[in-house]
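Peer 1: Have a look at the structure that comes next, please.
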Amino acid sequence: MLNLETVVFNESQQLADKGRAQNNTLHIDWERDADFFSGHSANQTPPLCDTVVDHQLVLARAAALLIRACINNMSNQDATVNPISLSGHRLQLYKWMEAYNYSQASKILLEDVSMTSAIDILSSFPQLGVVGELLSQIGPNLIAILSGTLDPIPLLLDADRLMQIWGSIETMRRMQAHVRGYLSSYAIKRPRMSLLEIGASTCNTTDTIIKAFQGRNLRSHDLTDASLPTLKQVKRLFEHRDGVYFKSLDINKDPLSQGFVAGDYDVVVINNALHIANSLDEVVKKARQLLVPGGALIILGMTDVSPAYGLISGMIESTWSGIRADQLPLPSPTEWTRILAENGFGGLEPATRNFDKIGQTCYCVISTALASPRKQMPMNIITDTKGELVKFAGQLSATLATNGTASTISDFKLSTTSHDSIHVIIDEGSNPVLTDPIRFAVIKELALNATHILWVSMRWDGANAASESDMDMATRFTRVARKENESLKLVSLLVKQEHPSLPEILQVIMRILEISFQQDRAPHCELEYEYKNGQVFVPRIASV
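Position one of the sequence shown corresponds to residue 1 (the UniProt record's numbering), numbered consecutively onward.
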C-alpha cells in the first residue's frame, strides 16, 4: 500500500523557491577571446592642434630651464651640495639631468630662449595646468630633493597631482584603455587568478587592472616595488582594498630569494620596464619563473618622454635602474620576439601595440608563458577535393609553408592515422561531413585514433547562417568525440559570419593552430571557437 502525504507550500515559500531556481539557471555566453584581442582602430592618434603643441613646448622648455639652473648651481665651487656626495636613485636622477642638460635635444629646445623669454616661461606655471603647478613646486627645491633633505613624494601626491598628471598624458591614457580591454577579455580565461604588478609605484596601471577585472576571477593582486615605503606612499589609496597586497620586489634580483614562489601567478605586469630593468633578457627570464604555463606577461611603459614628465617621474625612487641613469632602448618587434622566445615565452600576442605621439611612445608588449618549446608538427588538411573549398585548403597549405610547416591535402578516405600530425578538417557547410555516411565513417575513425584535430565549419559561398544547425551538429559530435577518446585534442571553429573575408579566416585558423597545437600552453586550452562580426568568441557558462 502506498503512503501519500500532502505537502502545502504557502505563497512566500513558492516565490522563494522560484527565486532560487532562477538564480541557479545557467546558460552559455560567447565572450571575446583575449588570444585574438588587438584593440580598436578608434584609438588612432588624433591630430594635434596648435594650442596643445604650444602647451607641451612651453612645459618642456620650463623643465629644461629648471634642469639647467640646478646643474649650473651645483657646478659652482661654493655649491652647498656636491654631486660627488650623491648616491642611489638621487645620483641616477642627477646623472639623467646632467645628460639631458648637455644633450642636443636640450640645446635645440632652448637655443632661441632669451633671458626675457625664460622669465616669461617660468612665470607661466599657473597657466600650465597640474604639470606646471608641480614643476613650480619641484623647481626651487631640486637641490634639496637631490641632497635628500626634502622628500618629493608629498609634493607629487598633494591634491592627487601625480594621478592627474598620469591621466593627462594622451598616449598613456590610450595605452591604459587598451590594457583594460585586453584584461577584461583575459578575465574569463581561468577562475580565481593571481596577478603580480611589478614597479607599481611608477605608473597608474593599478586602477586599470582593478577596473578591468571588476571583481571577476581575481583572487589576489600583489602590488610590488623595489622600494616598499615609496609604494605604500604612492599607492596608499589601494592599501585597504580586498585582495590587494603590498610586497617588496626588485625584479633585477632573484625573485625566489625574495620570498616569491615559482609558477605562482597567472598574470605578471611589469611597469616602466625600460627604466627599471638592468637587462630586459634577465627581467623577462625572472618574470617567466613566476608565471604558470599559459600565463600572460604584460610589459608597459613610456619612452622618449618630455623633460617635464621625465623630471616628475624621476622624483620616484623606483623609476631608476640600479646601474643606469638612462632608459634601455625600445626593442623592435623582431628583438622583442627573440627576447621572449629565449626566455620561455611565445611570440608577441596580437594585443602588443605601441601608442605614438610626437616626441613620445607608450609601449604595451604581451606574451604567453610556455610549458615547453614550440612544436613543429606536419599538417594533414582533409576536405572534399572535388568541392568548393579545395582552393581554400590550398591557400591554407601555402600559408603554412611560408611559416615552415609542411602539409598535405587529402580527401575523406580511410587511412592509417598519424599521431604526430595535426589533422585539419575543412567542413563545407552546404554539404556537411556528418550527413554523408562514407565521410562520417572516416571522421569517426579519425576521432577515435588521432590525437590532434582542428575542425573548421564554413560555407564556400559565405551564406553561413543557412548552415548554422549543421554547424551546431558538428559541435555536438566534437563534444562526444572528446569523451570517447581522452587522448584527443579536438578544437572546433564555426564560421558563423555572413560572407567573411577569407584571408581573415586564414589568419584565425593559423592563430588557432599556433596556440592550440604548436605552443604548449598547458594545462588550459580553448576547445570551441566561433567567428562572427569580425571577432573570435569562446563559450563560458554564466548564471542568469
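Heads up, the beta-carbon is just placed ideally off N, CA and C, and yes, glycines get one too.
What are the complete alpha helix (DSSP H) segments, minimum 4 residues, inside the UniProt domain "Methyltransferase type 12" (196-297)?
Peer 2: The qualifying runs are 205-213, 228-234, 273-276, 280-290.
Peer 1: Within 10 Å of its beta-carbon, does residue 529 have 16 or more other beta-carbons around it, so buried, or fewer, so exposed?
Peer 2: The residue is buried, with at least 16 neighbouring Cβ atoms inside 10 Å.
Peer 1: In the stretch 440-497, which residue ranges form an unbroken alpha helix (DSSP H) of at least 4 residues, counting only runs that do not cross its ends?
Peer 2: Correct list: 468-484.
Peer 1: Measure the C-alpha to C-alpha separation of residue 140 and residue 150 and round it to an integer number of angstroms.
Peer 2: For residue 140 and residue 150, the distance between alpha carbons rounds to 11 Å.
Peer 1: Measuring only the C-alpha atoms, how far is residue 406 from residue 517?
Peer 2: Rounded to whole angstroms, residue 406 to residue 517 spans 14 Å at the Cα level.
Peer 1: What is the DSSP secondary structure of residue 542, reduced to helix, strand or coil?
Peer 2: In this structure, residue 542 counts as strand in the three-state DSSP scheme.
Peer 1: Please state whether the Cβ-Cβ distance between residue 325 and residue 95 is less than 7 Å.
Peer 2: Yes, these two residues count as a Cβ contact at 7 Å.
Peer 1: Let me check one thing: in DSSP terms, what residues is residue 428 bridge-paired to?
Peer 2: For residue 428, which the question treats as bridged, DSSP gives the partners 458.
Peer 1: In whole angstroms, what separates the C-alpha of residue 564 from that of residue 205?
Peer 2: Residue numbering for the chain in the displayed model covers 1 to 544; residue 564 lies beyond these limits and cannot be assessed.
Peer 1: Give me the residue from 195, 250, 216 with the minimum Cα distance to residue 231.
Peer 2: Nearest C-alpha to residue 231: 250.
Peer 1: Under a three-way DSSP split, which group does residue 345 fall into?
Peer 2: Three-state result, residue 345: strand.
Peer 1: Apart from the five residues on each side of it in sequence, which residues of its chain come closer than 6 Å, Cβ to Cβ, to residue 248?
Peer 2: Taken in chain order, the residues that qualify are 228.
Peer 1: Compute the distance between the beta-carbons of residue 362 and residue 458, then report whether it is under 7 Å.
Peer 2: Not a contact, by the Cβ cut-off of 7 Å.
Peer 1: By Cβ distance below 8 Å, which residues in the same chain neighbour residue 306 in space, the five residues on each side in sequence not counted?
Peer 2: If we look at residue 306 and ignore the five residues flanking it on each side, its Cβ neighbours are 56, 59, 60, 63, 359, 360.
Peer 1: Express the C-alpha separation of residue 400 and residue 294 in angstroms, rounding to a whole number.
Peer 2: Cα to Cα, residue 294 sits roughly 24 Å from residue 400.
Peer 1: Pairing CB atoms from the stretch 180-190 with CB atoms from the stretch 276-285, are three or more of them under 8 Å?
Peer 2: The stretch 180-190 vs the stretch 276-285: no contact.
Peer 1: Could you say if the stretch 193-210 and the stretch 310-320 meet the contact criterion of at least three C-beta pairs nearer than 8 Å?
Peer 2: Result yes; three or more Cβ-Cβ pairs closer than 8 Å.
Peer 1: Quick one: what's residue 353 bridged to in DSSP?
Peer 2: Beta-bridge pairing links residue 353 to 364.
Peer 1: Could you round the C-beta distance between residue 189 and residue 287 to whole angstroms and report it? I think they count as a contact, below 8 Å.
Peer 2: With a Cβ gap of about 18 Å, residue 189 and residue 287 do not count as contacting.
Peer 1: Output the boundary residues of the alpha helix (DSSP H) element that contains residue 89.
Peer 2: Run containing residue 89: 88-101, per the alpha helix (DSSP H) assignment.
Peer 1: Taking the alpha helix (DSSP H) that residue 107 belongs to, which residues open and close that run?
Peer 2: Per DSSP, residue 107 belongs to the alpha helix (DSSP H) from 104-110.
Peer 1: Kindly identify the DSSP beta-bridge partner or partners of residue 301.
Peer 2: For residue 301, which the question treats as bridged, DSSP gives the partners 363.
Peer 1: Apart from the five residues on each side of it in sequence, which residues of its chain come closer than 8 Å, Cβ to Cβ, to residue 366?
Peer 2: Excluding residues within five positions, the ones whose Cβ falls inside 8 Å are 182, 296, 297, 298, 299, 348, 349, 351, 352.
Peer 1: On the DSSP letters alone, give me the boundaries of the beta strand (DSSP E) that residue 408 sits inside.
Peer 2: That run of the beta strand (DSSP E) goes 407-410.
Peer 1: Give me, in chain order, the residues of the same chain whose beta-carbon lies closer than 6 Å to that of residue 144; leave out the 5 immediate sequence neighbours on both sides.
Peer 2: Around residue 144: 150.
Peer 1: For residue 198 versus residue 270, is the C-beta distance shorter than 7 Å?
Peer 2: Yes, the Cβ-Cβ distance between residue 198 and residue 270 is below 7 Å.
Peer 1: Quick one: residues in its chain with C-beta nearer than 7 Å to the C-beta of residue 170, no 5 flanking neighbours on either side, listed in chain order?
Peer 2: These residues qualify, in order along the chain: 357.
Peer 1: Compare the beta carbon distance of residue 266 and residue 371 with 7 Å and say whether it is the shorter of the two.
Peer 2: Contact: no.
Peer 1: With 16 as the cutoff for other CB atoms within 10 Å, does residue 495 come out buried or exposed?
Peer 2: When all chains shown are included, residue 495 counts as buried.
Peer 1: Of the residues 537, 542, 543, which one's Cα is nearest the Cα of residue 37?
Peer 2: Among 537, 542, 543, the Cα nearest to that of residue 37 belongs to 537.
Peer 1: Give a yes or no on whether the C-beta atoms belonging to residue 408 and residue 449 are separated by under 7 Å.
Peer 2: No. Outside cutoff.
Peer 1: Quick one: what's got a C-beta closer than 8 Å to residue 345's C-beta in the same chain, skipping five residues either side?
Peer 2: Same-chain partners within the cutoff: 284, 288, 297, 367, 368, 369, 370.
Peer 1: Specify, as a first and last residue, the run of the alpha helix (DSSP H) that residue 506 falls within.
Peer 2: Unbroken alpha helix (DSSP H) run through residue 506: 502-513.
Peer 1: Would you kindly work out how many angstroms separate the C-alpha atoms of residue 244 and residue 209, rounded to a whole number?
Peer 2: Roughly 11 Å separates the two Cα atoms.
Peer 1: Compute the distance between the beta-carbons of residue 410 and residue 443, then report whether it is under 7 Å.
Peer 2: In this structure, residue 443 does not lie closer than 7 Å to residue 410 by Cβ.
Peer 1: Should residue 221 go down as buried or exposed, given a rule of 16 or more other Cβ atoms within 10 Å for buried?
Peer 2: Burial call: buried.
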